[in-house]
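Read left to right, the sequence shown gives residues -20 to -1, 1 to 522 (mature numbering (1 follows the signal peptide of the UniProt record, and there is no 0)). In this text, a Cβ means the ideal position worked out from N, Cα and C, and glycines have one as well. Notes follow the structure.
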Amino acid sequence: MLSLTALTITSLLTAVPSHAEESPATGTTDAGAPAGELPLVDGEVVSYDDEAVASYDDPELPQSAPSTGDDTPGAAMGQYQKTVEEAKHLSEDSEETMEQIEGGDLPDPEDTASASSTSGPIGAMSLSVLGSAWQPSGIQGMDVSGWQPSVNWTREYSMGARFAYVKATEGTTYTSSAFDSQYIGSYQAGMTRGAYHFAVPTRTSTGAAQADYFVDNGGGWSADGRTLPGLLDIEYNPYPAYGNICFNLSQSEMVNWIESFSNRYEKRTGRLPAIYSTTDWWATCTGNTARFNDHPLMIARWTGSPGVMPNGWSTYDIWQYSETGPFSGDSNVFGGSAAKLRDLAINPNYRPIGGKAPTTAPTTAGPFRDVSASNQFATEITWAKNKKYLNGWSDGTYRPTENIDRNAMAAVAYRMAGSPAYTPPRVSPYKDLTPSSAFYKEITWARSEGLLTGWSDGTFRPLNDIDRNATAALLYRMAGSPSYTAPRTTSFKDVPTGSAFYKEIHWMSAQGITTGWNDGTFRPLDQTHRDAMAAFLYRFAN
């Protein structure tokens, strides 16, 4: 996107944090968050930049998309092409659009007319000034990426930001190292937040593959009222290695690519992604298709009005109106009311402000509000719910793409063993647990059975997420550590012979509990999501 900074969403929304873990039977804390939640207690919420003004380094991008571990934070919504000079590789029409995006002198607020029905919501063009920066009236937000690693979220909230989008991924090789701190920091400051994916649509990297990568690395959605739908940043190609501004795809190929991404994202999360683009790029690279007007629209235009909308939308849901403040990263405004913003965060059948209601809304209710009957793991999640192995939250959500932690897995193992009679020790064997800790009985039972052990420093680390390789080890032990000879040649290219839990991972594969990914990897150090855990348990038991 044109440099999405973390869009901070409203403080009026009061649901549970997205990183909260499964709650024990005792329910929730006084604050309304699930018991077992890991709170941040460092005061000022990921606070680095005392001034909290829009500040960033001009991106210096490589020829092609980066990989995690590279020095570059990758492309960010619009930031790679701040000037027409930097956009010389674009078409003539696109250069004109860059001039419009870049803008000139900002309009005097008193001389600015209201937007038309094809430009933006009525009244959205009433301007105000925050410090030296102007802003259209409405609910303010921001978007950030790795180009803004230091954000004072508390200050941004005090300046009026109520929602944020945070870059999570790019292509199928890059994850933002700043994502966790930005995503958690914006939430803890009181904002509604979501993740975005910078698309690298090519003939060798499908939309479905990139949607999977996005969801697997922070781009999921939960109906907790504080999580925005994932955002697909689809725009001008910044990398010469991939050809023209449309990544050398034809208009029909681009439409098919977006549809592939959207379909897979909906299948994984239960709702359609939002779309970020510019009117010019949309017309040039998709033929101005109206096929996606049931998706929320975020339009980029850095001038005094949002301009004409892409075909199919009469107005925007979010307008990215500036990349120079008032907020860090890019500044945005929501086109509707606080109630509509909450609807965007909580409703899988959200109707875009200028579009149509989704036609793919599930007709059959799923096991949880955020797990539709069409979810790829609906059967397994329903089974885990009915067996009472994996519970949801009091708000009716399951939060399928969140990670599952060690204390919750101790509870799962205990329940699957039939909740046997067990008296936990009066003195905790772990220095980070007390007899009153959540899941203390289940954790000490798992220790007594040799299923889950602690660290050499005497800790159990109950709120640490469980990795996929540790999941394999746990299931192997739950099966009684059966006799098994692992193959001499690995079945997964990222699990070499001699690696930790090599035997357990291959046993898990031999039992049909896991198949790994289509690229031949197992990804042993990835955290296990709650939907995948339901699938593992279902296959383990059946």
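Out of curiosity, what's the CA-to-CA distance linking residue i and residue j?
| i | j | result |
| --- | --- | --- |
| Ile238 | Gly187 | 6 Å |
| Gly500 | Trp487 | 16 Å |
| Asp196 | Asn371 | 21 Å |
| Asp274 | Gly284 | 26 Å |
| His177 | Gln356 | 21 Å |
| Gln128 | Lys365 | 40 Å |
| Cys226 | Tyr256 | 15 Å |
| Gly292 | Gly334 | 8 Å |
| Ala148 | Gly376 | 26 Å |
| Phe520 | Gly492 | 8 Å |
| residue 526 | Arg379 | Nothing in the structure corresponds to residue 526, since the chain is present only between -20 and 522. |
| Met289 | Thr295 | 6 Å |
| Asn312 | Val146 | 13 Å |
| residue 531 | Trp114 | Coverage of the chain is limited to positions -20 through 522, which leaves residue 531 absent and any answer about it impossible. |
| Met122 | Met171 | 10 Å |
| Leu193 | Ser428 | Before going on, a small fix: residue 193 reads as Tyr here, not Leu. Going from the Cα of Tyr193 to the Cα of Ser428 covers about 37 Å. |
| Tyr301 | Phe307 | 11 Å |
| Ala141 | Gly165 | 13 Å |
| Ile214 | Ile446 | 33 Å |
| Ser317 | Gly118 | 8 Å |
| Asp506 | Leu431 | 20 Å |
| Thr403 | Met458 | 20 Å |
| Asn498 | Ala189 | 9 Å |
For residue i, does the three-state DSSP call read helix, strand or coil?
| i | result |
| --- | --- |
| Val235 | helix |
| Phe143 | strand |
| Val124 | strand |
| His275 | coil |
| Trp299 | strand |
| Asn312 | strand |
| Val131 | coil |
| Asn387 | helix |
| Pro404 | coil |
| Gln43 | coil |
| Ala521 | helix |
| Phe194 | helix |
| Asn224 | coil |
| Tyr365 | Residue 365 is actually Lys in this sequence, not Tyr. Correct three-state label for Lys365: helix. |
| Lys473 | coil |
| Val288 | coil |
Among the options, which one has its Cα closest to the Cα of residue i?
| i | options | result |
| --- | --- | --- |
| Ala358 | Tyr518, Gly174 and Asn522 | Tyr518 |
| Trp201 | Gly170, Ala254, Glu215 and Gln115 | Ala254 |
| Lys368 | Thr377, Gly376, Ala391 and Ala353 | Ala391 |
| Arg251 | Trp425, Trp282, Thr258 and Gly199 | Gly199 |
| Asp437 | Glu150, Phe307, Ser44 and Lys411 | Lys411 |
| Ser232 | Asp192, Trp262 and Tyr154 | Trp262 |
| Thr153 | Thr48, Val235, Arg206 and Phe159 | Thr48 |
| Thr249 | Pro116, Arg386, Thr414 and Ser352 | Ser352 |
| Pro332 | Leu277, Ser354 and Thr362 | Leu277 |
| Arg349 | Lys336, Trp363 and Asn327 | Asn327 |
| Pro116 | Tyr420, Trp299, Tyr163 and Ala401 | Trp299 |
| Arg503 | Ala515, Phe481 and Pro46 | Phe481 |
| Thr266 | Ser240, Val235 and Gly398 | Val235 |
| Asn132 | Tyr163, Ser374 and Thr495 | Tyr163 |
What residues match up with residue i in a beta bridge as DSSP calls it?
| i | result |
| --- | --- |
| Arg173 | Ala144 and Thr207 |
| Tyr256 | Asp213 and Met278 |
| Glu150 | Tyr154 and Phe178 |
| Ile119 | Phe314 |
| Gln507 | Asp447 |
| Val351 | Phe348 |
| Ser185 | Thr182 |
Does the beta-carbon of residue i have 16 or more other beta-carbons within 10 angstroms, so that it is buried, or is it exposed?
| i | result |
| --- | --- |
| Thr439 | exposed |
| Ser230 | exposed |
| Gln168 | buried |
| Lys473 | exposed |
| Asn449 | buried |
| Tyr464 | exposed |
| Ala158 | buried |
| Ser416 | exposed |
| Asp511 | buried |
| Ser242 | buried |
Any heavy atom of the ligand PLP closer than 7 Å to the CB of residue i?
| i | result |
| --- | --- |
| Tyr330 | What this structure holds is no ligand at all, so the ligand PLP is not there to describe. |
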